[in-house]
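This report concerns only the one structure given below.
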RNA sequence: CGGGGCGUAGCGCAGCCUGGUUAGCGCACACGGUUCGGGACCGUGGUGUCGGCCGUUCAAAUCGGCUCGCCCCGACCA
């Protein structure tokens with residue numbers, strides 16, 4: 494992609510409405526724009542990153558045996574009355590009526606809809622276990638939308654629901670998801686931790702939160718350095734081993750629950766087991782905040798100049814910067830490197846704008862391309878380009894002829 | 001919902017307290033020229049229902065009331 498054609502409205506100054514770092518950089522780097530409190534548009538670069546997270550999540554859900562579906566955001570009140578949540582959920586539930594005066598809501602989560610589907614379609618234990626998921630926009634009229642995209646009123650979420658014959662089956666599904674979540678966050682290049690958690694309004698017995706470790710995180714986590722166990726409750730400091738406890742801060746990006754029969758009982762979602770008896774489906778549900786993961790990734794990976802994307806989440810992997818557009822040599826070499834890298838399968842942007850070098854450097858840092866290839870005087874004189882790694886702030890001079898090979902190695906290294 | 005803050009050009013702000021010329025500055029934008037390895041410089045130019053409504057006054061960005069929106073802190077959440 495050529496930078497001159499990319500729609501990236503960057504901001505030199507901090508927008509007054511943004512205080513939190515990820516929010517500031519997302520606005521400044523031209524990733525998002527706000528429409529209303531807690532409601533955002535994703536611009537091309539922001540959407541690319543979001544799609545990268547989605548792809549990783551999707552691959553890992555599929556790998557764990559999940560099957561993707563898409564449920565409606567618009568849901569009839571009747572379902573919510575069956576579980577009692579129409580009254581329980583409160584004003585956070587976005588409610589409205591259709592033209593005939595029938596009550597509906599915009600789904601903040603989908604237990605009711607999926608359980609309704611399950612009770613209609615699952616008859617026999619032979620159909621179990623079943624893991625269904627979707628990646629979809631959720632609506633929650635938050636008391637107080639906050640921190641930009643971090644707590645939005647409209648946001649993208651991956652939610653998976655497991656259906657099993659019994660508690661043993663549920664535990665197997667739960668364990669699969671637990672591991673899938675670990676893989677998702679590891680592949681995103683993020684430092685994460687899983688901690689036992691309260692299950693809140695979703696209900697159920699066992700539950701874990703997945704947190705991205707970031708200094709600005711709202712939640713405190715206590716990690717035992719000897720046994721590795723973690724908790725969010727200060728008093729419960731891993732008394733079992735008595736080791737040294739380290740406190741860190743984290744941002745909740747995922748939550749998994751063992752629901753049991755909390756929804757299947759009231760909604761009468763039964764199946765016939767091997768013994769011929771009717772039993773309620775044993776359920777679990779598993780969520781990942783997609784946008785939140787993006788914000789958390791920035792909270793955990795930035796410096797004063799801007800974002801330092803992990804390779805896996807960067808909107809583009811490489812930016813090629815010709816220092817002086819007036820010098821034919823810079824321009825030609827930059828173009829040929831751009832072509833070569835594109836051919837080689839890199840996601841690369843060519844900064845072909847008539848801007849000063851300093852301007853391009855500052856913007857490349859802000860946006861956070863993991864790899865910068867700078868074509869300038871050294872290229873003209875010695876046939877070398879400068880390769881800069883954004884996150885480590887390391888620079889290397891590489892011969893023009895070896896650029897592609899060098900970047901292949903770097904990419905492999907950064908991917909680990 | 002309680003507490004605090006903000007709303008003036010696309011963005012960041014000054015002006016308001018103490019009402020009174022044509023509402024200003026920086027950035028951005030357009031055109032011309034000079035620059036070109038860390039957000040360049042010079043010149044020229046365009047840009048405003050001063051968030052909205054009502055009121056006070058000869059006169060309101062400025063004073064008063066109401067209202068809308070946004071941000072931050074608290075109780076809830078991916």
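In my numbering, the protein residues as written are 494 to 909. In this text, a Cβ means the ideal position worked out from N, Cα and C, and glycines have one as well.
Query                                                                                                                             : Result
Residue 656 to residue 774 span [Cα, whole Å]                                                                                     : 6 Å
Where residue 702 sits in the DSSP three-state scheme                                                                             : strand
Where the beta strand (DSSP E) through residue 589 begins and ends                                                                : 587 to 590
Cβ distance (whole Å) where residue 715 is taken to contact residue 740 below 8 Å                                                 : 6 Å
Terminal residues of the alpha helix (DSSP H) in which residue 537 lies                                                           : 537 to 556
Per-residue burial, residue 770 [other beta carbons within 10 Å of its own, 16 or more giving buried]                             : exposed
Distance between beta carbons of residue 686 and residue 723, contact taken as under 8 Å                                          : 5 Å
Burial state of residue 726, where buried means 16 or more other Cβ atoms lie within 10 Å                                         : exposed
Environment of residue 862 [buried if 16+ CB atoms lie within 10 Å]                                                               : buried
Which of helix, strand or coil DSSP assigns to residue 874                                                                        : helix
Residues near residue 835 in its chain [Cβ-Cβ closer than 6 Å; skip 5 each side]                                                  : 841
Three-state secondary structure assigned by DSSP to residue 674                                                                   : helix
Residues that residue 689 bridges to, as DSSP identifies them                                                                     : 701
Alpha-carbon spacing of residue 560 relative to residue 552, whole angstroms                                                      : 10 Å
DSSP-derived helix/strand/coil call for residue 790                                                                               : helix
Local Cβ density within 10 Å of residue 756, reported as buried at 16 or more and exposed below that                              : buried
Nearest-angstrom Cβ-Cβ length linking residue 627 and residue 597, presumed shorter than 8 Å                                      : Wrong, their Cβ atoms sit about 19 Å apart, outside the cutoff.
From 531, 496, 803, residue whose alpha carbon lies closest to that of residue 649                                                : 531
7 Å CB neighbourhood of residue 497 in its chain, flanking five on each side removed                                              : 845, 846
Proximity winner among 606, 602, 652, relative to residue 632 (alpha-carbon distances)                                            : 602
First and last residue of the uninterrupted beta strand (DSSP E) at residue 567                                                   : 567 to 569
Assigned exposure category for residue 591 - 16 Cβ within 10 Å defines buried                                                     : exposed
Beta-ladder partner(s) of residue 892, from DSSP                                                                                  : 877
C-beta atoms of residue 816 and residue 830 nearer than 8 Å                                                                       : no
Boundaries of the alpha helix (DSSP H) in which residue 609 is found, first to last residue                                       : 604 to 614
Bridge partner(s) assigned by DSSP for residue 988                                                                                : Within the shown structure, residues of the chain are numbered from 494 to 909, placing residue 988 beyond reach of any answer.
Rounded distance between the beta-carbons of residue 806 and residue 545, thought under 8 Å                                       : 5 Å
Residue 835, DSSP secondary structure in three states                                                                             : helix
Coarse secondary structure for residue 722, derived from DSSP in three states                                                     : coil
Chain-order list of residues whose beta-carbon lies under 7 Å from that of residue 891 (same chain, five-residue window excluded) : 877, 878, 880, 899
Simplified DSSP state of residue 598, which is helix, strand or coil                                                              : strand
Extent of the continuous alpha helix (DSSP H) run through residue 858                                                             : 850 to 860
Extent of the continuous beta strand (DSSP E) run through residue 655                                                             : 647 to 657
Buried or exposed by the 16-neighbour rule on C-beta atoms within 10 Å, applied to residue 502                                    : exposed
Assigned exposure category for residue 866 - 16 Cβ within 10 Å defines buried                                                     : buried
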